[in-house]
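For reference, each letter of the sequence shown is one residue, going -28 to -1, 1 to 291 in mature numbering (1 follows the signal peptide of the UniProt record, and there is no 0).
Heads up, the beta-carbon is just placed ideally off N, CA and C, and yes, glycines get one too.
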Amino acid sequence: MYLFGVKFKFNLNVFVFLVMCQMDFISGMIKDFGESCDWSGSGLETSHKSHEIKPVYLRCSQGTIKWKYPRGALRIVLRQGTSGKDFHGCLRVAPQFSGARIYLEGHRRLHEIYAPDDGKARDRLRCFDSHQGQIALYVQADLPSEGATSLGEKRMALFSYDLEFSRDDGEEECRPCTDEELITSYCTSDIVYHANMLQLRDQPQLSFTEINIKFKNILRQSLLTSELPIENAISQSYNEEMPKSNSWSFGPDKMLPMEANTTNVYISDKCQVRIGYEDFVFMINNRLGYNIIKCAPRYQQWVDLVRNNEVYKHCILSV
């Protein structure tokens, strides 16, 4: 046989060996994407002057990265399961995050998405979109300050991530949900309120509009409120800095007393929401500690939809 124009005598043993090597390589790539959702490690495992880039492969929808004493860099590749579908992702750094910066890998360069001195609220969600079903984050360790030892500066890069599949039609997140999306959203939301709006407050530093609502009924709840995904490592860190009370709303600059049966929900500030005095059905997913609106039809629209769609049996609809 010929290889690159040179004649070689075919050897079955060599051929089998090459095939096995290729299979091992492919198998190794697959194994790199483990089932773990979290990663924890220490820069002390590398040499003091190391510029090593450590690869991390995760394929969960949610997880936490905890890197003590950062040195060198991490390259974290995220996938949403094994489907290969594109997704929209966000991360939220912990209050004690220090010693590193986070970049998103682009086509030709790295894009900074978090730095301690970037002038943005620390608890802001930093969001991104995948390309061909995955994204890569670079967590680059800062150089220790002059005269400081790595052990003396208790530095730790700690953040959580959350991934959601992108809408197939690519429409804006502010688009009203279709009837089918309303049914799906209702059945998959963490909590669904029958409520009305009390007030709006723009949170430009968080890229959100905060809506204070008064709920008349909880139509659906996938978990007990105290067990909602807000209790992840990052949200817990922020909550530990706040008084233990269910009757307060915590903004980035102040605390406001809240009435009974009221709560805050959030929507992108791109949506330019205006206050409405009708009743609504707020379908909520908790994302990294924020109650994000998935869909919010008028209550009467929801009542009509439930009455006219008995064919949907995959969850119990209520009004």
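Taking C-alpha atoms, which residue in the options lies nearest to residue i?
i	options	result
GLY35	LEU46, SER12, ARG73	SER12
PRO27	ARG270, MET255, GLN112	GLN112
residue 336	ASP134, LEU135, TYR133, ASP114	Lying before the first or after the last residue shown, residue 336 is absent from the chain, which here runs from -28 to 291.
SER157	CYS99, ASN184, ILE265	ILE265
GLN104	SER55, VAL253, ILE48	SER55
ALA87	GLY61, LEU260, PHE131, TYR29	PHE131
TYR29	ASN233, GLN106, ASN263, LYS242	GLN106
ASP89	ASP101, SER102, ARG73	ARG73
GLN244	PHE180, SER194, ILE85	PHE180
GLY261	SER102, ILE85, TYR133, ASP101	TYR133
residue 301	ILE85, SER70, SER194	For residue 301 there is no data in the structure shown, the boundaries of the chain being -28 and 291.
Assuming residue i is part of the alpha helix (DSSP H), what are its boundary residues?
i	result
SER157	151 to 160
LEU277	271 to 280
Just reading off the beta strand (DSSP E) that residue i is part of, what are its end residues?
i	result
TYR86	82 to 86
TYR133	128 to 137
HIS60	59 to 65
ILE264	262 to 267
HIS166	163 to 175
LEU115	Counting along the chain, LEU115 falls outside any beta strand (DSSP E), and DSSP gives it neither H nor E.
ASP89	That residue, ASP89, is in no beta strand (DSSP E); it is neither H nor E in DSSP.
LYS188	180 to 193
Could you pull out every residue in the same chain whose Cβ sits closer than 7 Å to the Cβ of residue i, ignoring the five residues on either side in sequence?
i	result
PHE137	GLN52, LYS57, PHE59
GLN273	none
GLU24	THR18, GLY44
HIS83	TYR75, LEU76
LYS186	ALA167, ASN168, LEU170, GLU231, ASN233, THR234
GLU145	SER240
LYS242	CYS146
Who are the Cβ neighbours of residue i in its own chain at under 8 Å, not counting the five residues just before and after it?
i	result
GLN177	LYS92, ALA93, ARG96, PRO224
ALA108	ARG47, ILE48, VAL49, LEU50, LEU76, GLU77
SER14	TRP39, LYS40, TYR41
TYR249	ASN168, MET169
Would you kindly work out how many angstroms separate the C-alpha atoms of residue i and residue j, rounded to a whole number?
i	j	result
PRO215	CYS9	Residue placement at PRO215 cannot be trusted, given a pLDDT of 36 that sits under 50; what the coordinates show is reported in the next sentence. Straight-line Cα distance between these residues: approximately 30 Å.
ASP276	ARG270	10 Å
ASN168	ILE247	9 Å
VAL65	LYS38	10 Å
HIS166	ASP251	7 Å
ILE190	PRO42	44 Å
CYS159	CYS99	25 Å
GLN171	ASN184	5 Å
GLU213	VAL278	Interpretation of GLU213 is limited by its pLDDT of 45, a score under 50 that renders its predicted location unreliable; no figure is taken from the coordinates.
CYS32	LEU135	8 Å
ASN263	HIS79	32 Å
GLN68	ALA129	8 Å
ASN236	VAL253	14 Å
CYS62	LYS188	31 Å
Report all residues from its chain with a CB closer than 6 Å to the CB of residue i; omit the five preceding and five following residues, and keep chain order.
i	result
CYS267	CYS149, LEU154, SER157, MET255
GLN175	GLU182
ARG192	VAL164
LEU16	TYR41
ARG173	GLU182
Could one say the Cβ of residue i lies closer than 8 Å to chain B's Cβ atoms, at least one of them?
i	result
PHE59	Considering every chain present, this structure includes no chain B. It has just one protein chain.
Taking only runs that begin and end inside the stretch 31 to 62, name each unbroken beta strand (DSSP E) of 3 or more residues, in chain order. Unbroken beta strand (DSSP E) runs of no fewer than 3 residues, entirely contained in the stretch 31 to 62, are found at 34 to 40, 45 to 51, following chain order.
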